[in-house]
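Number 16 in the working numbering belongs to position 30 of the sequence shown; there are no gaps in the numbering. Here the structure comes first, spelled out in structure tokens, and everything after it is commentary.
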Amino acid sequence: MHVYKRITNNEKLTQLYLLGTLCKKPPVVPANIASVLRITFSGYNKATMFWMMIMGFDGYGLPVWFMAFLGMAEIAGAISLYLKRWALLGSIGMSTILIAASSIHIMNGDEFKIGGMAWIMTPLMFLVTYYHFRARVKELGITKLGECAIPTS
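See the structure below:
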């Protein structure tokens, strides 16, 4: 059972009330904020079928429905980074999408101004994934690799 005390303004630790879950510290880091903003913008452009995105996907030989699907997946992944329960899964999914995007840009020989954002966001998303993985491990109480967090009696 967790006991939460009332927090005053002059304490160093803050608590967030995020979708019904009390967190001892905010589940965001600067890389997370940058990732969410960029991915949301990119996902919005794909989901709304912005003409430049259509030209790009058509040039890569990818169907337009796949672009719309990716846009919705990116927006869902960006939102999931702020939901404590779904943050790890969302960051793994976003890392997978960014690895694929970076690979496609490299295979097509794109310049940095076209594929650069995917190349920059991939290691950033790996950092975000690592952050959420470590938070999840700490939450489950796993201290050693291979240790089971489920109590056995």
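Even glycine gets a Cβ: it sits at the ideal position worked out from N, Cα and C. Fair warning: this is a prediction, and the values are worked out from it, not measured in the lab.
{"Item": "Spatial distance of S88 from T108 (CA atoms)", "Value": "8 Å"}
{"Item": "Enclosing alpha helix (DSSP H) for F98 [first to last residue]", "Value": "98 to 126"}
{"Item": "Closest residue to I75 among H91, I19, K32, Y117 (Cα-Cα distance)", "Value": "According to the sequence provided, residue 75 is Leu. The question's Ile does not apply to it. Of the candidates H91, I19, K32, Y117, the one whose C-alpha sits nearest the C-alpha of L75 is Y117."}
{"Item": "C-beta atoms of K32 and L56 nearer than 7 Å", "Value": "yes"}
{"Item": "Spatial distance of E125 from L84 (CA atoms)", "Value": "27 Å"}
{"Item": "Run of the alpha helix (DSSP H) containing Y46, from where it starts to where it stops", "Value": "37 to 46"}
{"Item": "Residue span of the alpha helix (DSSP H) that contains T34, given as start and end", "Value": "Taken as a continuous stretch (DSSP letters only), T34 belongs to no alpha helix (DSSP H), as it is neither H nor E."}
{"Item": "Buried versus exposed, by CB contacts within 10 Å (16 or more), L8", "Value": "Low confidence applies here, because L8 scores a pLDDT of 39, under 50, leaving its location unreliable; read the following figure in that light. Exposed, since its Cβ has fewer than 16 Cβ neighbours within 10 Å."}
{"Item": "Simplified DSSP assignment, three categories, for W72", "Value": "coil"}
{"Item": "Touch test, the segment 95 to 105 against the segment 49 to 67, Cβ-Cβ under 8 Å, three pairs minimum", "Value": "no"}
{"Item": "CA-to-CA distance, L110 to V123, given in whole angstroms", "Value": "20 Å"}
{"Item": "Distance CB(Y46)-CB(I90) smaller than 7 Å", "Value": "yes"}
{"Item": "Three-state secondary structure assigned by DSSP to L67", "Value": "coil"}
{"Item": "Cut-off 6 Å between Cβ atoms - residues of its own chain near A73, not counting five sequence neighbours on either side", "Value": "L67, H118"}
{"Item": "Exposure label - K(-2); buried when at least 16 CB within 10 Å", "Value": "The predicted position of K(-2) is uncertain, since its pLDDT is 34 and thus under 50; a value taken from the coordinates is nonetheless stated next. By the 10 Å Cβ count, K(-2) comes out exposed."}
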